[in-house]
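Protein chains in written order, with my numbering: chain A, 93 to 442; chain B, 165 to 669.
Quick reminder that beta carbons are idealized off the backbone N, C-alpha and C, glycines included.
Worksheet: the structure to be examined is printed underneath.
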């Protein structure tokens, strides 16, 4: 049974189902409804909601809650995420699981509040200091806002690492039917947590490793878990790729417009297909390479000046010509606009 | 030179005797400290603090108080950044090390997760009073039931003697080489005084490690703060004026004296707050099950499902535009909800901006029998334009053969539209006559349903019944819906209206 739900609200419905009982955040357009839904729902199931004095404080409250083993989260948009980067680095270094949602808007600086995908580098490639990775999932629908938030909590706990739900203002603001069935979701035991008990007294949460050899060992161990994550956690969706001469690559709202553009192009006799990464880190490189093997060309479309395209290039490693089309500033390409771009790549066979 | 002198003084002439049978043990360190400091890389029997440093004394006071309170297992210590970054080397309690200045925020997250445990934030002056000013003020203001020990030695120790927010006027540091000049660096920050202006804290005291008498006062303050937390009282804060012989360039005895002679006159010792604070706990949220929240309005939706209705389109895109406050976004949401209840795939995408009235607003609604690709309509089948600006802005986007429902009596004289059919509905006037201009959007909905037959009026009423709780308003909406339908049926000349065939398939 379905309910009409806003993307930003679906995040919290998914989080509540996933057992999230601590939300610390700060308002920002276009992510504020996440905090509003959290303020409403999380205390109703006995959890904590605190509107922090800043995103800096919020992410450190998440750090405290995560230290105690609670499933904890925060959400914001670009400027707020910039402030959280320090905390995210500490969370990764201390191997604390948590979920952070970025409803991307236009940047840099204050930019504007319209949708962009320009936080890709900041969220997928790092952003904070030091050697670490964020697990990043990229919802493209209201249903996925809930489903991938649940997945983010599960991956965060599995790998003891922050997980980011990365999407744009449109997916956050739009309403679609949400089908969320109640089921019991249990977090794994966290014997490492600090909970003020005799059993956890020996535990310590910290990101300091003063001795170079020990810090190297700590980082090697983190690397090993990142490799495990890369081997097992990639997710993607393909549409009409089997016979595609042109593979379009896009995530989030862009993948939705691309899907319509694929339909339109096929009506015109152009064999186009869509590859949509659902996890941005780990990036589904193997899957992309396999699906591109039969194609002639690749066209990457983003609401940025070309960020994910770098991962596409790394994945295909020079085997296919790759072109890029980006819109920025809050402009989202129309279906017609993308069909023109597709026609430029592969002229229609009459 | 001073360092070399010290080394000469302490260097023993012969190997010290280690056998304990030669002397009587009169004092043992608290059992709250680890027997050996295994987390240190070397010198595991001693701390990393310099001789004469105040941290050792404060550690001892805290450890003894926790031991006496019998709360070792229940305690979580939050270590900061600064000289006390390694407090977790020593305290045999649950330890969490955090980013510079953020201890009160992390302690908030910990205490909220473990409300019946003892959570301590241990911070220095740079950590608490410079980079972490916002966190300490707001944790105190929220009345977080934590204890903060604030060790103020008027200098940055670990980084090598830079100016602190509490550095005294005229005091030299490596970043105030001529002595702190208020004209450039401002005045020392008085944190106890600052926090005592807030309502929530229950206990704020400043003590000093200047002499044994004051150390005993500090001992009492530390105990009192922890005891209050144990009893669930509220936010407790103890500032400890503390010597830093190494950076001050003094020996331990001189440094202690300096605390008494220079720091205390600048930072008066006092109990700044000691009272029971009753924090109102009104409007507590109701308790709900996860299932109730997750499935939300599912029950209501189930009651309003209209299965099996045939739709004459594969996909229909409707763009609605007008002034903010005309119910443009709400109209779109209602249509999406109706489509969902009729078993269609739907999406609703708003223009969003800074929250305000009288700006422009628009939204896109997709109704489809299949999974929806782009929710962003570049070629809507229908445009509902509630005002002239929207008509002028969006009319050209409408798909050839599509429909424009214009919410005024007639088109502006200079506007000519040939690619789509235009129907003018004086929605505001109709709504006004019904009793409220606010239902103009529902009038337009009635017109849309009658003209395009995209969704049924019965579904519209079911959705309105679910959303509008006030019976009088619901009756008004019903009348508005009817009025819109009747207007299309009777007022618009027969023949002027093309049928639904015009929609893009």
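Buried or exposed for residue 431 (chain A), going by 16 or more other Cβ atoms inside 10 Å? buried
Quick check: the region 249-268 of chain B against the region 296-309 of chain A, are at least 3 beta-carbon pairs closer than 8 angstroms? yes
Write down every uninterrupted run of the alpha helix (DSSP H) in the region 362-429 of chain B whose length is 4 residues or greater and which is fully enclosed by it, in chain order. 376-394, 409-412, 416-422
Sorted by chain position, which residues of the same chain lie with C-beta nearer than 6 angstroms to residue 255 (chain B)'s C-beta, five sequence neighbours on each side aside? 241
Contact set between residue 455 (chain B) and chain A, taken where Cβ atoms lie within less than 8 angstroms: 274
Own chain, CB closer than 7 angstroms to residue 640 (chain B), minus 5 neighbours either side, in chain order: 598, 599, 600, 603
Cα-Cα separation between residue 253 (chain B) and residue 426 (chain A), rounded to whole angstroms: 59 angstroms
Please identify, using Cβ separations under 9 angstroms, the residues of the region 295-328 of chain A that lie next to chain B, in order along the chain. 295, 296, 297, 298, 299, 300, 302, 303, 306
Boundaries (first-last residue) of the beta strand (DSSP E) holding residue 196 (chain A): 190-196
I'd like to check one pair, residue 314 (chain B) with residue 287 (chain B): are the Cβ atoms closer than 7 angstroms? yes
Based on the DSSP output, what are the partners of residue 312 (chain B) in its beta bridges? B:285, B:401
Inter-residue spacing [alpha-carbon to alpha-carbon] between residue 181 (chain A) and residue 612 (chain B): 53 angstroms
Any heavy atom of the ligand SAH closer than 6 angstroms to the CB of residue 460 (chain B)? This structure lacks the ligand SAH, and indeed carries no ligand of any kind.
Between B:484, B:505, B:500, which lies nearest to residue 470 (chain B) when the distance is taken from Cα to Cα? B:505
List the residues of chain B whose Cβ lies closer than 9 angstroms to the Cβ of residue 363 (chain A), in chain order. Within chain B, no residue comes near residue 363 (chain A); the closest Cβ sits about 17 angstroms away, beyond 9 angstroms.
Which of the three DSSP states, helix, strand or coil, is assigned to residue 525 (chain B)? strand
Which chain B residues sit within Cβ distance under 8 angstroms of residue 292 (chain A)? 258
CB contact check: residue 278 (chain B) to chain A, cutoff 7 angstroms: yes
Alpha-carbon to alpha-carbon, residue 260 (chain A) and residue 661 (chain B): With a pLDDT of 41 at residue 661 (chain B), under the threshold of 50, the modelled position of this residue cannot be trusted, and the question is left open.
Determine which residues of the region 154-175 of chain A have a Cβ less than 9 angstroms from any Cβ of chain B, and write them out in chain order. 154, 155, 156, 157, 158, 159, 160, 161, 162, 164
Against chain A: residues of the region 488-500 of chain B by CB proximity under 8 angstroms: 497, 500
Close-in-space but distant-in-sequence residues of the same chain around residue 387 (chain B) (CB under 7 angstroms, 5 per side omitted): 229
Anticipated Cβ contact below 8 angstroms, residue 389 (chain B) with residue 441 (chain B), distance rounded: That pair is no contact at about 14 angstroms.
Beta-carbon contacts of residue 357 (chain A) that lie in its chain and below 6 angstroms, excluding the five residues immediately before and after: 364, 431, 434
Could you spell out the range, first to last residue, of the beta strand (DSSP E) harbouring residue 168 (chain A)? 164-168
Let me know the beta strand (DSSP E) ranges lying completely inside the region 240-280 of chain A, each 3 residues or longer, listed in chain order. 254-260, 267-270
Of the residues A:188, A:99, A:105, which one's Cα is nearest the Cα of residue 453 (chain B)? A:105
Taking residue 234 (chain B) as the query, report the chain A residues whose CB atoms sit under 7 angstroms from its CB, ordered along the chain. Neighbours of residue 234 (chain B) on chain A: none; closest Cβ ~12 angstroms, over 7 angstroms.
Contact set between residue 226 (chain B) and chain A, taken where Cβ atoms lie within less than 8 angstroms: Chain A residues near residue 226 (chain B): none, gap ~16 angstroms exceeds 8 angstroms.
With a threshold of 8 angstroms, are at least 3 pairs of Cβ atoms found where one atom belongs to the region 383-399 of chain A and the other to the region 197-216 of chain A? yes
Please return the same chain residues whose Cβ sits closer than 8 angstroms to the Cβ of residue 308 (chain A), not counting the five positions on each side in sequence. none
Can you list, in chain order, the residues of the region 428-440 of chain A whose Cβ is nearer than 7 angstroms to any Cβ on chain B? 428
Spatial neighbours of residue 638 (chain B) within its chain, please: CB distance less than 8 angstroms, with the 5 preceding and 5 following residues excluded, ordered by chain position. 628, 629, 632
Given residue 278 (chain A) as reference, the closest of A:141, A:94, A:112 once Cα atoms are compared: A:112
So, for residue 380 (chain B): in the same chain, excluding its five sequence neighbours on each side, which residues have a beta-carbon less than 7 angstroms away from its beta-carbon? none
Where residue 324 (chain B) falls, given that 16 or more other Cβ within 10 Å makes a residue buried: exposed
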